[in-house]
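Reading through the structure tokens given below for one structure.
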Amino acid sequence: MPASLAQNDEPVVVVTGASAGVGRAVAVAFARRGCRVALLARSPEGLDGAAKDVAAAGGEAFELVADVSNPNDVFAAADDVVARWGRIHVWVNDAMETVVGPVDTITPQEFRRVTEVTYLGAVHGALAALRHMRGRGEGHIIQIGSALSYRAIPLQSAYCAAKFAIRGFTDSLRAELLHDRSGIRLTMVQLPGVNTPQFDWSHMHFSHRHQPIGSVYEPEAVAEAVVGAVEARRAPRELWLGAPTVQSIIGQMIAPGFLDRYLARNAYEKQISSDPVRPGDPDELVAPDDRDHGARGRFTWRAKDSLIAVDPAYLRGGGLLAALGLLAGAFFWGRKTGGSARTRPALSPSLPRMAGEGSRSRGF
Numbered sequence: 080m081p082a083s084l085a086q087n088d089e090p091v092v093v094v095t096g097a098s099a100g101v102g103r104a105v106a107v108a109f110a111r112r113g114c115r116v117a118l119l120a121r122s123p124e125g126l127d128g129a130a131k132d133v134a135a136a137g138g139e140a141f142e143l144v145a146d147v148s149n150p151n152d153v154f155a156a157a158d159d160v161v162a163r164w165g166r167i168h169v170w171v172n173d174a175m176e177t178v179v180g181p182v183d184t185i186t187p188q189e190f191r192r193v194t195e196v197t198y199l200g201a202v203h204g205a206l207a208a209l210r211h212m213r214g215r216g217e218g219h220i221i222q223i224g225s226a227l228s229y230r231a232i233p234l235q236s237a238y239c240a241a242k243f244a245i246r247g248f249t250d251s252l253r254a255e256l257l258h259d260r261s262g263i264r265l266t267m268v269q270l271p272g273v274n275t276p277q278f279d280w281s282h283m284h285f286s287h288r289h290q291p292i293g294s295v296y297e298p299e300a301v302a303e304a305v306v307g308a309v310e311a312r313r314a315p316r317e318l319w320l321g322a323p324t325v326q327s328i329i330g331q332m333i334a335p336g337f338l339d340r341y342l343a344r345n346a347y348e349k350q351i352s353s354d355p356v357r358p359g360d361p362d363e364l365v366a367p368d369d370r371d372h373g374a375r376g377r378f379t380w381r382a383k384d385s386l387i388a389v390d391p392a393y394l395r396g397g398g399l400l401a402a403l404g405l406l407a408g409a410f411f412w413g414r415k416t417g418g419s420a421r422t423r424p425a426l427s428p429s430l431p432r433m434a435g436e437g438s439r440s441r442g443f
């Protein structure tokens, strides 16, 4: 365990996007280790619920209403944490937004908002953390990424681009920290599909709600892996969580054209559920939903409670062969179920209509 946790009583952890989903589960996981946890999000009700979860897990919570797209909010929150608890040991950037629709239906304003929250929110968080960690020469910044930061999928161009940008920013910052011989640790955790409430508040350009494709995991499993990265003596550069993440990343490295065709067949219609969008449903891209949604979403019936966590630095020899075996199995399954790769399929007649074509349209 690093000095930032092992040698400090009640280490201080900051989590953005802490009111729900992965961020909330991460906050609770750190609380179970006796950490004091600062919770950043826009929803007061969600923050109240998260604070109760942290207290129940044995931690101390500090609620901070903040919009991560506003650097002044984030810097002020960091200053408030240091004023209250003296320092920041760990900073976790998890806040995100997404919009689901074909590229040419997404407005420039929607692209901008997803970028401001998902990408710039991670930048603002890292800058705020560095302001308070550099003087001590220690700390750990965690960037919550995704398999989609390596392999983009249809209908989520804005979100995928933001996750790609986080990876580029993080790699650049890591090289600078190494140049400076800094003791600050930096890890990007690449996630699979996770059972969180985000699928209920995604900004939709379809008349039906969003859903994950493939394997789905509970947020608590992700949270344990995040805490494990902080507790490790050697901080992983990256962690790839779940077999689908490993398959996607390695697949993109060795066969990107195949994945283009595979995703065209299998990752378009399947992202749209049979549940219609209803008036009054939350839309976080437009405004925060002032309700407490908890950590888990509506897919517990299919979500897995455990996952593999792969440090790609160790993907050599047998580890690489095992990963390639997983990839080969996925490709075989895709060829068996997906049809000819040479045929460009038409949209399924059962695909729900896009907003603006007789369904409810929600502007930014």
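To convert a position in the sequence shown, counted from 1, into our numbering, add 79. Beta carbons: idealized from backbone N, C-alpha and C, even for Gly.
Closest by C-alpha distance to Tyr341, out of Asp159, Ile232, Val107, is Ile232.
With respect to the C-alpha of His211, the residue from Thr177, Gln188, Ala156, Gly200 having the closest C-alpha is Ala156. Assignment of Thr194 by DSSP, reduced to helix, strand and coil, places it in the helix class. Of all C-beta pairs linking the region 218-230 to the region 329-343, three or more are shorter than 8 angstroms, placing the two stretches in contact. Per DSSP, reduced to three states, the secondary structure at Trp319 is strand. Look at Arg103 here: in three-state DSSP terms it is helix. Judged by DSSP secondary structure, Ala155 falls within the alpha helix (DSSP H) whose first and last residues are 150-164. Ala104 places its beta carbon 8 angstroms or farther from that of Val133.
The three-state reading of DSSP puts Trp170 in strand, counting E and B together.
Secondary structure remark: continuous alpha helix (DSSP H) runs of at least 4 residues inside the region 227-311, in chain order: 236-258, 277-280, 298-310.
Spatial neighbours of His287 in its own chain (CB-CB distance under 8 angstroms, excluding positions within 5 residues in sequence) are listed in chain order as Ile351, Ser352, Ser353, Asp354, Pro355, Val356, Pro431. Of the residues assessed, Ser327 falls on the buried side of the cut-off, its CB having 16 or more other CB atoms within 10 angstroms. Thr184 sits in a helix when the DSSP states are folded into three classes. Restricting attention to Asp152, His282, Thr184, His289, the CA atom closest to the CA of Leu143 is found in Asp152.
Ile220 is not a Cβ neighbour of Val268, given a cutoff of 8 angstroms.
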